[in-house]
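Asks:
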Amino acid sequence: MAGLLSIAARAMFANQAALQTVGQNIANANTPGYSRQSVVLTTAPGQYTGAGFFGRGVDVQTVERSHNDFLTKEAINTKSTASGDTTQAEQLTRLEKIFPTGTDGLGSAVSQFLNSMMDVANRPSDLSARQVVLGQAQQLATRFSSVGSQLADMQAGVTSDLQAGVTLVNQLAQQIASVNDKIAKVQGSGHSPNDLLDQRDQLISQLSEHVAVTTLPADDGTMGVFIGGGQRLVLGNTASSLQIAPDSYDPQRSVLALNEGGSTRPLDESVLTGGSLSALLQFQNHDLQDARNMVGQLAAALGTRVNAQNALGLDLSTPPGQGAPIFNVAAPRVLPSTNNQRNPDSSFTNGVQATIVDASQLQASAYKLSAGAAPGTYQLTRLSDGQVRTVAAGATVDGFTINFSPSPPAAGDSYVIEPVGAAAVNMRRVLDNPNGIAAASPVTAVTSVNNTGTATLDSIYAVNSSFSAANLPISVAFGAANPDGSVNYTLTPAVGAPLAGVWKSGQPIGNQPGAVPPINLGFELRLNGVPRAGDTLSIAATQYPGSNNGNAKAFLDIQTDPFVGKQLLPSGSVTVGATLNDAYANDLSDIGARVQGANYLSGVSTNVASDAESNRSSQAGVNLDEEASRLIQYQQAYQASAKVLQTAQTLFNQLLQTVSQ
Numbered sequence: 010m011a012g013l014l015s016i017a018a019r020a021m022f023a024n025q026a027a028l029q030t031v032g033q034n035i036a037n038a039n040t041p042g043y044s045r046q047s048v049v050l051t052t053a054p055g056q057y058t059g060a061g062f063f064g065r066g067v068d069v070q071t072v073e074r075s076h077n078d079f080l081t082k083e084a085i086n087t088k089s090t091a092s093g094d095t096t097q098a099e100q101l102t103r104l105e106k107i108f109p110t111g112t113d114g115l116g117s118a119v120s121q122f123l124n125s126m127m128d129v130a131n132r133p134s135d136l137s138a139r140q141v142v143l144g145q146a147q148q149l150a151t152r153f154s155s156v157g158s159q160l161a162d163m164q165a166g167v168t169s170d171l172q173a174g175v176t177l178v179n180q181l182a183q184q185i186a187s188v189n190d191k192i193a194k195v196q197g198s199g200h201s202p203n204d205l206l207d208q209r210d211q212l213i214s215q216l217s218e219h220v221a222v223t224t225l226p227a228d229d230g231t232m233g234v235f236i237g238g239g240q241r242l243v244l245g246n247t248a249s250s251l252q253i254a255p256d257s258y259d260p261q262r263s264v265l266a267l268n269e270g271g272s273t274r275p276l277d278e279s280v281l282t283g284g285s286l287s288a289l290l291q292f293q294n295h296d297l298q299d300a301r302n303m304v305g306q307l308a309a310a311l312g313t314r315v316n317a318q319n320a321l322g323l324d325l326s327t328p329p330g331q332g333a334p335i336f337n338v339a340a341p342r343v344l345p346s347t348n349n350q351r352n353p354d355s356s357f358t359n360g361v362q363a364t365i366v367d368a369s370q371l372q373a374s375a376y377k378l379s380a381g382a383a384p385g386t387y388q389l390t391r392l393s394d395g396q397v398r399t400v401a402a403g404a405t406v407d408g409f410t411i412n413f414s415p416s417p418p419a420a421g422d423s424y425v426i427e428p429v430g431a432a433a434v435n436m437r438r439v440l441d442n443p444n445g446i447a448a449a450s451p452v453t454a455v456t457s458v459n460n461t462g463t464a465t466l467d468s469i470y471a472v473n474s475s476f477s478a479a480n481l482p483i484s485v486a487f488g489a490a491n492p493d494g495s496v497n498y499t500l501t502p503a504v505g506a507p508l509a510g511v512w513k514s515g516q517p518i519g520n521q522p523g524a525v526p527p528i529n530l531g532f533e534l535r536l537n538g539v540p541r542a543g544d545t546l547s548i549a550a551t552q553y554p555g556s557n558n559g560n561a562k563a564f565l566d567i568q569t570d571p572f573v574g575k576q577l578l579p580s581g582s583v584t585v586g587a588t589l590n591d592a593y594a595n596d597l598s599d600i601g602a603r604v605q606g607a608n609y610l611s612g613v614s615t616n617v618a619s620d621a622e623s624n625r626s627s628q629a630g631v632n633l634d635e636e637a638s639r640l641i642q643y644q645q646a647y648q649a650s651a652k653v654l655q656t657a658q659t660l661f662n663q664l665l666q667t668v669s670q
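In the numbering used here, the protein residues as written are 10 to 670.
(1) Please give me, in chain order, every unbroken run of the beta strand (DSSP E) with length at least 3 that falls completely inside the stretch 328-395.
(2) Which residue's Cα is closest to the Cα of G305: S484, P345 and L160?
(3) With DSSP as the reference, label M232 as helix, strand or coil.
(4) Can you find the residues in the same chain that come closer than 6 Å, C-beta to C-beta, to T545, ignoring five residues on each side of it along the sequence?
(5) Could you give the C-beta distance for A308 and A433, rounded to a whole number, given that I count them as a contact under 8 Å?
(6) Using the Cα positions of P353 and A419, report the straight-line distance between them to the nearest angstrom.
(7) Please report the straight-line C-alpha distance between A182 and L597, rounded to a whole angstrom.
(8) Can you give the Cα-Cα distance for R74 and I85, rounded to whole angstroms?
(9) With a CB to CB cut of under 6 Å and the five nearest residues on each side skipped, what residues in its chain are close to V585?
(10) In three-state terms, what does DSSP make of V7?
(11) Return the bridge partner residues of E105 from the DSSP annotation.
(12) Do G494 and V439 have their beta-carbon atoms positioned less than 9 Å apart in this structure?
(13) Which partner residues of Y470 appear in the DSSP bridge assignment?
(14) Per DSSP, P226 forms a beta bridge with which residues?
(15) Excluding five sequence neighbours on each side, which residues of the same chain lie with their C-beta closer than 6 Å to the C-beta of T410?
(16) Terminal residues of the continuous beta strand (DSSP E) containing A671?
(17) Any contact between the stretch 167-184 and the stretch 209-225? By contact I mean 3 or more CB pairs, one from each, below 8 Å.
(18) Decide if Q666 is buried, meaning its Cβ has at least 16 other Cβ atoms within 10 Å, or exposed.
(19) Could you tell me the boundaries of the beta strand (DSSP E) in which I411 lies?
(20) Find out if the Cβ-Cβ distance for the pair G508, P526 is shorter than 9 Å.
(21) Per DSSP, what kind of secondary structure is E218 in: helix, strand or coil?
(22) Whole angstroms is fine: what's the gap from F357's alpha carbon to R342's?
(23) Can you find the residues in the same chain that come closer than 6 Å, C-beta to C-beta, to G574, ignoring five residues on each side of it along the sequence?
(24) Where N316 and A248 are concerned, what is the direct C-alpha to C-alpha distance, given to the nearest angstrom?
(25) Among L216, L344, S250 and D299, whose alpha-carbon lies nearest the alpha-carbon of P260?
(26) Taking the alpha-carbon of D467 as reference, which of L265, T40, P492 and N558 has the nearest alpha-carbon?
(27) Just how far apart, CA to CA, sit G332 and V142?
(28) Check P443 in the structure and name its three-state DSSP category.
(29) Exposed or buried, what is P54 when buried is set at 16 or more other beta-carbons lying within 10 Å of its beta-carbon?
(30) Please determine, among L389, N444, L123 and A454, the residue with the shortest C-alpha to C-alpha distance to D422.
(31) With respect to the alpha helix (DSSP H) encompassing S263, which residues constitute its N-terminal and C-terminal limits?
(32) Taking all protein chains shown into account, do 16 or more other C-beta atoms lie within 10 angstroms of the C-beta of L216, making it buried, or fewer, making it exposed?
(33) Going by DSSP in three states, G87 sits in which element: helix, strand or coil?
(34) In this structure, how does DSSP classify Q576 when only helix, strand and coil are distinguished?
(35) Assign D190 to one of two classes, buried (16 or more other C-beta atoms within 10 Å of its C-beta) or exposed (fewer than that).
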């Protein structure tokens, strides 16, 4: 009887422990990170008697949690990827809103400004038409400046988000280290601290949303947490900290650094492969910079082209003079590394200057300049595509020239050159006087009354700096027609030898670089109709600028001229660029494609992370139906054991009453 009572008592204790564990599971069914727990029961050692070994029931060995290392790590890794992709998609969606289409976009503002020149072409001396041009110029400059300012605000927002993310990472790292310490202290008890282990797994999962992590268990029960390809964040009960540091080239941008043992090491973006912080750095260093360069390329090309065309005409001042700049075009930015050596004779480290020489060849990119292999040579890397060139002082690349002053960079020095990075935010209208609009062409053409052909004058205006008044007057004499319909002609300037050319319908006279020999007198004369042999034209300086609209017509041609983003090939030829509208459309397409790709990746990675978490929770999570069945099972077993004890108590009471009688 005594053995039976012992077995019943042990069974009651075991069932009570099992019931308590089931209740714990049910209570935490919806608690994030909770792993299902279960009581591990073992057979109690038998008691030896003369009649053999008699069982003593059941013992509670321990309480274990349902856990799978592989599924847990898979859920953490996929969660980190999904968080990074979602952050990337959110940032790109915000970026896309800065580049609207329709009447609110830059393309519309460019068209409205250039189209406003139509009224000036119709009424060259009308001040109201000129004032409209200045108003449209102001609106265009404001649009560019606004886009540049919004991009700068986005950069500030990225920095703020990085700082907030780093604060959370440091807090989570400290909490993981604290839980590690608690786990290590109970490691020798022989039982697993299930709640602490769940808490640590949940903290690591939360940490992975911000930065990709790898974990490594230690013999003392602690978990090492590493980021950035093996950089220690948590080891034992000690946690390192992340911090935000300014970029070594551009202080407006940020980098992540790991502070460990009093020393700070910057973390390369390429080793941070997941989490929101990695996505923010990726967006800052690539997408946001590309957007600044794309809109900056458009602003620099347009502003330089408009200013150059205005300078080629005559304004309404007395006496008429060269047109003044309409827009401010920002100079290239040269950003020295903070690690550069300082010139002992100067407080500045910047020994590099960049100057725009051909805005039509400017590319939407920044460049990195560093010392080359040979003395006096340097490597210039175009960051948009990684193309590397070897350059020296005075070299011209992609429309800008590099010079060194007061001395060449020292060995080990490096610079980032941004030819167009500041062009949009610094774009301003600088012409306030409507008379400063140079609507008149410096040259006027007159056809001879004796001409027998159908050729009439369409337009004539200066197109480049090769134009010189010293060549005026110039006579044009047409010769015989060729079988292909072209007509030979001869240009006879006031100074120099006559030049022979071939005219075709739609082809200008006076600027034919492809002719043999090349003709470049700095102006373009266009005809309607077809000249005949013996027809002549006379080209002279403009006498009445107030009634001349030649240069205003040149402004109208800017909109259809493919001058944005030309490239100089190694052969010396220049590729055809894009028109202003096409360039802006290409920028919108580029950003739109990035948004679409990011949204797709975000959807895919989110689904993968959800599936991984479902797989983990299907094994480690609480199933209420299963727990309910266990609850009934353990309740019945508890009641059975209690019934045995109750029966034994009744028997003992009856025996005692019998003996007492």
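The beta-carbon is built from N, C-alpha and C at its ideal position, and this holds for glycine as well. Computed from a prediction, not measured in an experiment: that's the story for all the values here.
Replies: Let's see:
(1) 342-345, 361-365, 376-380 and 387-391
(2) L160
(3) strand
(4) S457 and A486
(5) 4 Å
(6) Model confidence at P353 stands at a pLDDT of 49, short of 50, so the residue's coordinates are unreliable and nothing is read from them.
(7) 41 Å
(8) 18 Å
(9) P571
(10) Outside the displayed range of the chain (10 to 670) lies residue 7, so it cannot be described from this structure.
(11) Paired residues: none, contrary to the question.
(12) no
(13) E533
(14) M232
(15) T364 and V366
(16) Limits of the chain in this structure are 10 at one end and 670 at the other, which puts residue 671 out of reach.
(17) yes
(18) exposed
(19) F409 to F413
(20) Here residue 508 is Leu; the residue named in the question, Gly, does not match the sequence. In this structure, P526 lies closer than 9 Å to L508 by Cβ.
(21) coil
(22) In this prediction, F357 has a pLDDT of 49, which is less than 50 and means its spatial position is unreliable; what the coordinates show is noted afterwards. In a straight line, the C-alpha of F357 is about 15 Å away from that of R342.
(23) G586 and A587
(24) 58 Å
(25) L344
(26) N558
(27) 14 Å
(28) helix
(29) exposed
(30) L389
(31) From DSSP, S263 is part of no alpha helix (DSSP H) but of the beta strand (DSSP E) over S263 to E269.
(32) buried
(33) It should be noted that the sequence gives Thr, not Gly, for residue 87. Helix at T87.
(34) coil
(35) exposed
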